[in-house]
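Asks: Per my numbering: the sequence shown = residues 4 to 85. Every residue gets a Cβ at the ideal spot worked out from N, C-alpha and C, and that includes glycine. Note that the coordinates shown come from a computational prediction; the quantities given were computed from them, not determined experimentally. What follows is a structure written as structure tokens; I'll ask about it next.
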Amino acid sequence: MKCPICNNELLEGGIIVDDVACGWVPMEQFKKKGIKRLMYTGMRTIGESSILLNQTKIPNAYFCKNCNKIMGIFDVTNDLDD
Ligand SMILES: [Zn+2]
């Protein structure tokens with residue numbers, strides 16, 4: 004896959020989150036500060052979590068050495084009614 008910014012070849016890999024769930028939240032949730040960060044609504048989780056290892060692995064992340072950026076095409080792994 005090519006970098007959409009500089010068109011260099013991207014290095015294929017994945018993201019490891021070394022604790023519980025990882026996911027995307029809408030901007031108003033993402034901007035929360037202080038104690039409000041204990042609770043997010045509307046999170047789209049990505050990756051597969053292992054409770055045993057306390058770790059989440061997220062496939063399909065690509066690294067561009069040229070831009071020093073990581074980009075991904077992440078499958079949403081939960082289901083929200085919207
Ligand atoms: Zn690039």
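1) Measuring CB to CB, does THR66 end up less than 8 Å from LEU13?
2) Taking the beta strand (DSSP E) that GLU15 belongs to, which residues open and close that run?
3) Three or more C-beta pairs under 8 Å: does that hold for the segment 53–64 against the segment 17–35?
4) Just to confirm before moving on: does the CB-CB distance between ILE49 and GLY16 stay below 8 Å?
5) Should ILE73 be listed as close to ligand 1, given that the test is whether its C-beta is under 7 Å from any heavy atom?
6) Taking the continuous alpha helix (DSSP H) assigned at MET30, which residues delimit it?
7) Which same chain residues end up closer than 7 Å to VAL28 when comparing Cβ atoms and leaving out the 5 residues on each side of it in sequence?
Replies: With the structure as the only source:
1) Before going on, a small fix: residue 66 reads as Phe here, not Thr. It is a contact, given that the beta carbons lie within the stated cut-off.
2) 14–20
3) yes
4) no
5) no
6) 30–33
7) TYR43, GLY45, MET46
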